[in-house]
Every structure is written in structure tokens, then in C-alpha cells.
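Residue numbering for the sequence shown follows this note's numbering, beginning at -4 and increasing consecutively.
Where is the CB? At the ideal position from N, CA and C, for every residue including glycine.
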Amino acid sequence: MPPAPVDLKFQQSGSGNPVVILHGLFGSARNWQSVARTLADKFTVITVDLRNHGASPHHSQMDYPALAEDVGALLAKLALHDVTLIGHSMGGKTAMTLALSKPERIGQLVIVDIGPGSYSNDYDEMLSAMVGLDLGSVRHRADADEMLKSAVPETDIRLFILQNLLFSRDPPPHWRINLDAIRDGISNLVGAIACQSTARFDGPTAFVRGARSDRVGERDLALIAAHFPNFRMITISNAGHWPHVENPPEFLAQLRSILSPREGGSAHENERP
């Protein structure tokens, strides 16, 4: 029996064939707004907050079947068909899981810097530091930044995850993400997608990877070909795990090229001729 979905929050703009964007771990729909604005001149663009992230509900279950079930329920609620589903990292594995389990709603996939297989868990120390942060002594974001330096030495990653620390008039601040569920489910998130060995998505699938990233490599090609036979690999120069942030011009040019055959049209089933 599939997990019960949660009601995901989302932002929508533009008109035309639907493009749905799924963010990565510790991210939110907000991270993709610049891409959404660029595409909204020709597409209906929906950026989603996945469960335990952004403004979407918290839930103790944190694995790809649950994440995919949430997104599938959202597509059904919005009566979307022939969707271009874009997913980065965790969002990419969610997109792959959904396309393999409910291919009837997906027209094509764009998977950003992730493969379907497992990769090393580099998050335990980071998550322990985040969970153990003494929020009562945090008055400013800089305080939290200093406390996380030893566990998260990369400044850009600290700034990214600290976007999830919310401050209000009444201290202390609080985490917007569900850290406990993410920590408990991290082995699921870094693991391979869960699917039948014979599951296939035959629609066009673009794997867009950063040239400096190791998240998609030769080790993934056999698994990709088995489940996504109509795939192509695109490499973004001068970029790592966040090619849409590290090299936006090249990433957007490639994305435009991928999406160009689907320009125009209608997002909703009840608008079909």
C-alpha cells in the first residue's frame, strides 16, 4: 500500500505546457525561482516544496516512495498531464521514482546532477551539528554560522542550509525543515531509488550533470540505461553539484534546448481539445 501523501505547497507562474521543479535536500521552491521566471514566458512552471522542506507539512516518513507519492498527488490535484519533471539531487531521485511508478502523467524528465544509484553518506556530521545547535544562544544568523563551521567548513553550504533557520520577534529561532525526519531518513535519501528491476520510463530523459561533480558517473550508466533507455547525458562546464547556480547561462541554455519541443500547449487535462 502506498504511503499517504501530504499536501505540498507550491508556486505557479506562466502559461503553456507544465514544467514541475523539485528541489534538493535542504532546499525549497524558492531556490528555483530565477529558473522559473526564465521559463514562465513559454511554460506553466510549478516549483514545489517537498515534504519536510519549505512551507510543506512535516512527516516522519522520509523516503523516495513517500516523496514521489506526494508529487503524484499534487499532479493529480492540479489535473496536470504530459509534465516535464525537473528534479535536482533529492528532487531528481524523487522525479525518477515517480516516473517509474506513474509514467502516465510524465512527458519527460530532466534530472540535475544525480543518478538512480546510491552514493556515499556525507551528511551525518552536518545533520548532527544542525540538530545539536544551541538555538537558545543564537541571536543572529552569524552566531549559527560560527557554531557550524567545524562540522560544515564550506561557507556556501553553511549559508545554504542556514536559509532554513527562521528568526522571529520572539527568540529563539527555529528550523523550518524537519531535521529529525531528515536525519532518520538520510540512509534512504542517499540510497538507490526503490523500484522493480523491470520498471522503465520510456520518455525522453536528460541527465544534466556538473563537470566537477561526482554524483553521476560511469558507474550509473548501466542502471540509467535499464530504467531510462531514452536518455542523454549533458555536462555543464565550470559547475559542481549545483549547475543551475554555478553556471546559470549554460544551464539555462541547455534547459531551453531540452524544453523547446514542448513549447506552447496547455497544462491541464480539461483544456485538451
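With 16 other CB atoms within 10 Å as the buried threshold, where does residue i fall?
i	result
T150	exposed
N242	buried
P244	exposed
T79	buried
E99	exposed
L95	buried
S255	exposed
R251	exposed
Return the residue from the list the options that minimises the CA-CA distance to residue i.
i	options	result
D77	T39, A139, D58	T39
K88	D117, Q158, G186	G186
R134	L95, R164, P244	R164
Q249	I81, Y114, A(-1)	I81
A61	M85, L73, T79	M85
D2	F155, F21, N26, A50	A50
F202	L104, S255, D119	L104
A221	F196, S232, S145, L247	F196
T193	L184, F223, S182, D140	F223
Taking 8 Å as the threshold (C-beta atoms), are residue j and residue i in contact?
i	j	result
V147	A124	yes
P168	L161	yes
M57	I177	yes
G67	L93	yes
H236	S208	yes
I101	G22	no
N159	R171	yes
P(-3)	L75	no
N116	I188	no
For my contact list, residue i and residue j are in at a C-beta cut-off of 8 Å; report their separation, rounded to the angstrom.
i	j	result
L216	P111	Contact flag wrong, Cβ pair sits at about 11 Å.
Please indicate yes or no: does the CB of residue i lie closer than 7 Å to some heavy atom of the ligand SAH?
i	result
R136	No copy of the ligand SAH occurs in the structure displayed, which carries no ligand at all.
- Cβ contact (3+ pairs, closer than 8 Å) linking the stretch 30 to 45 and the stretch 2 to 14: yes
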